[in-house]
Amino acid sequence: MALHSAIKGKLISVIGDEDTCVGFLLGGVGEINKNRHPNFMVVDKNTAVSEIEDCFKRFLRRDDIDIILINQNYAELIRHVIDAHTSPIPAVLEIPSKDHPYDASKDSILRRAKGMFNPEDLVASRG
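End of the sequence shown sits at 135 in this note's numbering; the numbers just go up one at a time, nothing left out.
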């Protein structure tokens, strides 16, 4: 049985290197829908950027996916597509890979989220 988000039947999808995908698959995230399309994509050095982009767009269109996890180094390759996605669902989260640590300065979604809050409001709410 797959690990689901808060709403029953909604999935987490993964675009990442083999180690990342295997880890999430072992955790129960793997799922194949009725059309035989998986909710994950293993990317390697031979994977074309267009394939990553097409897969990401497919995941955006699927109504059974609420969260898309993508290795940050692959997110960099399709940054223009990720930045064009403004809907809150599916949520897109950039994650580190074994060989590429997470760099918050490259995460456009994190920058966008930080821009939603006024620093003075956060300080005032603590006081």
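Glycine residues also receive a C-beta, built at the ideal position from the N, C-alpha and C atoms.
Residue range Glu26 to Leu34 is occupied by the alpha helix (DSSP H) that includes Gly31.
Burial is judged here by how many other beta carbons sit within 10 angstroms of a residue's own beta carbon; Leu34 has fewer than 16 and is exposed. About 10 angstroms separates the beta carbons of Leu19 and Asp71, which is beyond the 8 angstroms limit, so they are not a contact pair. Looking at the backbone, the Cα of Arg69 and that of His88 are separated by about 17 angstroms.
As the crow flies, the alpha-carbon of Ile75 is around 14 angstroms from that of Cys63.
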